[in-house]
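Scroll down for the structure; my scribbles are underneath it.
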Amino acid sequence: MENTAPDLVLLEDKEDSVIWTLSTAGTYSTKTAWEALRSKAPDVGWWPMKSHSHLFFDCPFSPSIWLQVRTCCGLQAHVWDLNSEVQWGSLYGKESSMRVTLFKLCLAASVYYLWKERNGRIFLQVGHESTRVEKLILDEVKSCASSWKHELKTLDNLRVCSEWRISDSIFL
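As structure tokens, then:
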């Protein structure tokens, strides 16, 4: 046995076996192989806080954005948790008014842009000020609303257009 590795011990009375030393159980798994091969990014203090509620309403960054966006929808300056906002939007949203539709768009755009911001900070190490994210959300919603056609020309819809600076060409 001239080609035997120096740390290999041969036992004549034992059967050969393979032990995966990267696992405490001694058995191979793709998870332990992946953990051994991948390069790890530095830990961030907030990574265990994975809940949607945390990301969108409980962390220090998001509530100020949602508060401003909510205020632009003409709603009280109060921030609930994500489930309450969605539930409120579902109940209030049975009306088919521009204001309600804008609220729903604002909620969806906020979730999208906050998630995009989160990913940019984690994967690209690029972050923006809250006012920048707020502007992106509001610009997206305004752009979407500006493309609407055949809206009813009601007093409330005219007010909404004025508040959001949307052209009255969206009316019938």
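All residue numbers for the sequence shown refer to this note's numbering, where the first residue is 305 and numbers rise by one.
All C-beta atoms, glycine included, are put in the ideal place defined by N, C-alpha and C.
Because the structure is a prediction, the values reported are computed rather than measured.
Item to check | Cα-Cα separation, Ser-321 to Thr-336 | outcome: Within the sequence shown, the letter at position 17 stands for residue 321. Within the sequence shown, the letter at position 32 stands for residue 336. For Ser-321 and Thr-336, the distance between alpha carbons rounds to 19 Å.
Checklist entry - What's the call for Val-313, buried or exposed, on a 16-neighbour Cβ count within 10 Å? => result Taking the sequence shown and counting its residues from 1, one reaches residue 313 at position 9. Exposed, by the Cβ-count rule.
Next on the checklist: Let me make sure I understand the geometry here. Which of Trp-338, Lys-318 and Arg-436 has the alpha-carbon closest to that of Glu-421?
Outcome noted: The residue you call residue 421 lines up with position 117 of the sequence shown. With distances taken between Cα atoms, Glu-421 lies closest to Arg-436.
Item to check | 6 Å CB neighbourhood of Trp-468 in its chain, flanking five on each side removed | outcome: Here residue 468 is taken as the residue at index 164 of the sequence shown, counted from 1. Only Lys-446 meet the Cβ criterion.
Checklist entry - Quick one, which of Leu-462, Leu-456, Phe-407 and Tyr-332 has its alpha-carbon nearest Gln-372's? => result The sequence position of residue 372 within the sequence shown is 68, counting from 1. Among Leu-462, Leu-456, Phe-407 and Tyr-332, the Cα nearest to that of Gln-372 belongs to Phe-407.
Next on the checklist: Please return the same chain residues whose Cβ sits closer than 6 Å to the Cβ of Leu-326, not counting the five positions on each side in sequence.
Outcome noted: Position 22 of the sequence shown, counted from the first residue, corresponds to residue 326. Excluding residues within five positions, the ones whose Cβ falls inside 6 Å are Thr-336 and Ala-340.
Checklist entry - Tell me which same chain residues have a C-beta within less than 8 Å of the C-beta of Asp-472, skipping the five on either side of it? => result Here residue 472 is taken as the residue at index 168 of the sequence shown, counted from 1. Excluding positions up to five away in sequence, the list reads Lys-457, Leu-462 and Cys-465.
Checklist entry - Buried or exposed: Ser-366, going by 16 or more other Cβ atoms within 10 Å of its Cβ? => result Locating residue 366 in the sequence shown gives position 62, counting from the first residue. The residue is buried, with at least 16 neighbouring Cβ atoms inside 10 Å.
Item to check | Contained beta strand (DSSP E) runs [length at least 3] in the segment 368-431, N- to C-terminal order | outcome: none
Checklist entry - For Trp-452, which of Tyr-417, Ala-413, Arg-425 and Ser-401 has the nearest alpha-carbon? => result Working through the sequence shown from its first residue, we reach residue 452 at position 148. Here the closest residue by C-alpha is Ser-401.
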